[in-house]
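What follows is a short report on a single structure.
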Amino acid sequence: MSMRSDLQAPPNQEPKEKKKWVEPVAALLMALATVSTAWCGYQSAAWTRQSNRLMNEFNALERKAGLLTVQGMQQATIHTGMFMQALAAHEAGNDKLVNFYVEHFPPELRKAYDTWLVQKPFENPNADPHPFVPKLYVTPGTREAAEATAKAADSQQQAGAAGSVSGQYLANTVLFATVLFFASASGKFEQRRVRVVAFAFAVAVSVFAVVRTLMLPR
């Protein structure tokens with residue numbers, strides 16, 4: 054009777070043989086979590102670099118669009134001044150001076166001016182008041198500035214998406230760190246229920262983290 058009592062385990066403990074399955078499985082789970090943590094960290098850094106590069110492109114394109122807009126406004130101001138000089142010469146009846154100014158008009162202004170003259174503006178009250186209306190004159194650099202702005206918006210959107218992916222990879226490193234903690238701790242508990250709960254939680258988080266990682270772009 055005493056020998057049977059000696060062979061029995063304490064009430065809250067199990068024989069060590071029943072815990073042997075936990076250690077190798079937990080070790081495998083921790084190895085997977087360690088590798089996955091490193092991979093997610095690498096991907097997070099890579100996507101962060103891509104996000105930074107795209108933001109640099111966005112800033113450069115924004116500056117380019119702003120510069121083109123300012124330069125276009127400056128040229129439009131010069132064109133307006135040239136037109137006003139030609140108009141003053143016309144009012145003074147100095148056709149020679151008018152021709153001088155017109156011959157020196159830049160292509161954008163000359164095209165708008167010629168189209169405006171077709172309307173006979175000095176005789177037709179329904180003609181456009183000047184050649185700088187939108188349908189006749191396009192401010193220099195407007196199209197280029199619009200293209201740069203569109204590209205900047207696209208780069209900004211891509212940068213935001215890359216930053217989001219980087220954040221998700223970073224969040225996965227936290228999940229895998231949780232797996233490491235609970236997988237390591239599961240083999241140290243003496244009570245079977247606590248051990249199983251800790252190990253099951255580690256497995257569940259690991260599966261969730263792996264699925265999240267596989268769904269992310271690389």
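Each residue of the sequence shown is one higher than the one before, starting from 54 at the first, in our numbering.
Even for Gly, the Cβ is constructed at its ideal location relative to N, Cα and C.
Tell whether a beta-carbon distance below 9 Å holds between A180 and P174.
yes
Flag this pair as yes or no: are the beta carbons of T122 and T195 separated by less than 9 Å?
yes
Residue range of the unbroken alpha helix (DSSP H) whose run includes F229
T195 to S239
Assuming L82 and A255 are in contact, meaning their beta carbons sit under 8 Å apart, how far apart are those beta carbons, in whole angstroms?
6 Å
Could you work out which residue in R265, T226, S239 and E161 is closest to G94 when comparing CA atoms only?
T226
Do you know whose CA, among R106, A165 and E144, lies nearest Y190's CA?
A165
Supposed close pair L223, S104 - CB separation, criterion 8 Å:
Not quite, the Cβ-Cβ distance comes to about 12 Å (not below 8 Å), so this is no contact.
Only counting the same chain, and skipping five residues up and downstream in sequence, which positions put a Cβ closer than 7 Å to that of S58?
Low per-residue confidence applies at S58: pLDDT is 44, beneath 50, and the placement is therefore not dependable, though the value from the model is reported in the following sentence. None.
Would you please state the rounded distance, in angstroms, between the beta carbons of A206 and A118? I believe it to be under 8 Å.
No, A206 and A118 are not in contact; Cβ-Cβ is about 10 Å, not under 8 Å.
Closer than 6 Å by C-beta to H132: which residues in its own chain qualify, once you throw out the five before and the five after it? Chain order, please.
L162
Can you round the beta-carbon distance between L107 and A236 to whole angstroms, since I take them to be within the 8 Å contact cut?
The pair is not a contact, with the Cβ atoms about 37 Å apart (cut-off 8 Å).
Runs of alpha helix (DSSP H) lying entirely within the stretch 122–160, each at least 4 residues, in chain order
148–156
At which residues does the alpha helix (DSSP H) containing F254 begin and terminate?
R245 to M268
Thinking just about the alpha-carbon of each residue, which of A238, V88 and Y154 is nearest to the one in T266?
V88
C-alpha distance - H143 paired with L150, whole-angstrom precision:
8 Å
CA-CA distance, V31 and L120?
Outside the displayed span of the chain (54 to 271) sits residue 31, for which this structure offers no information.
Quick one, are the C-beta atoms of A145 and F158 less than 9 Å apart?
no
My output table needs one value for P77: the three-state DSSP class, helix, strand or coil.
helix
Within the same chain, show all residues whose beta-carbon is closer than 7 Å to that of Q172, passing over the 5 residues directly before and after it, in chain order.
A180 and D181
Does the Cβ-Cβ distance between L233 and A86 come in under 9 Å?
yes
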